[in-house]
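Notes follow once the structure below has been shown.
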Amino acid sequence: RIIYVGKIPNNYTKKKLRKRFECFGDIEEVSVHFRESGDNYGFVTFAYTCDAYAAVEKGNQVPGEQEFDLCFGGRRQFCKTEYADLDGNNEIIEEYYPLVKKSDPLDFDSLLQLARKQAEDKKKKNV
Numbered sequence: 060r061i062i063y064v065g066k067i068p069n070n071y072t073k074k075k076l077r078k079r080f081e082c083f084g085d086i087e088e089v090s091v092h093f094r095e096s097g098d099n100y101g102f103v104t105f106a107y108t109c110d111a112y113a114a115v116e117k118g119n120q121v122p123g124e125q126e127f128d129l130c131f132g133g134r135r136q137f138c139k140t141e142y143a144d145l146d147g148n149n150e151i152i153e154e155y156y157p158l159v160k161k162s163d164p165l166d167f168d169s170l171l172q173l174a175r176k177q178a179e180d181k182k183k184k185n186v
């Protein structure tokens with residue numbers, strides 16, 4: 060949901076960046092970062108992943124607008140700063156959402172086969 064926006068001009072604001080990309084979908088957060096070296100960048104966080112994909116794919120196809128370097132990424136990839144990856148803690152996830160093992164009768168494939176069989180049986184009864 061987060062896209063990296065590179066080559067931001069010095070006079071660009073968060074408001075301009077939001078306005079530039081809001082045509083692709085709902086935006087949750089925008090940040091703009093300026094460096095002395097001039098390689099300014101920002102991040103746009105979309106509410107939905109599909110909107111972020113559209114922004115990366117078509118973000119430079121807006122007629123008459125500034126072209127940017129666009130790609131997926133977050134703070135760790137571009138800033139190389141200390142970062143606590145709270146969403147990567149598998150112990151917490153497993154505690155609340157246990158992983159389904161392949162042999163589990165409730166795995167996706169088993170449930171799909173069961174649903175197909177039930178639909179087939181129902182169809183046979185109606186014929």
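This note's numbering applies: residue 60 is where the sequence shown begins, and numbers increase by one.
Each residue gets a CB set at the ideal place from its N, CA and C atoms; glycine is no exception.
Note that the structure is a prediction, hence the values are computed from the model and not measured.
Which whole-angstrom value describes the C-beta separation of residue 88 and residue 72, a residue pair presumed to lie in contact below a C-beta threshold of 8 Å? The Cβ separation is near 14 Å, so there is no contact.
Could you give the DSSP three-state label for residue 96: helix, strand or coil? Three-state result, residue 96: coil.
Using the rule of at least 16 other Cβ atoms within 10 Å of the residue's Cβ for burial, across every protein chain shown, is residue 121 buried or exposed? Burial call: exposed.
Which listed residue (80, 123, 68) has its alpha carbon closest to that of residue 113: Proximity to residue 113 across 80, 123, 68 peaks at 80, based on C-alpha coordinates.
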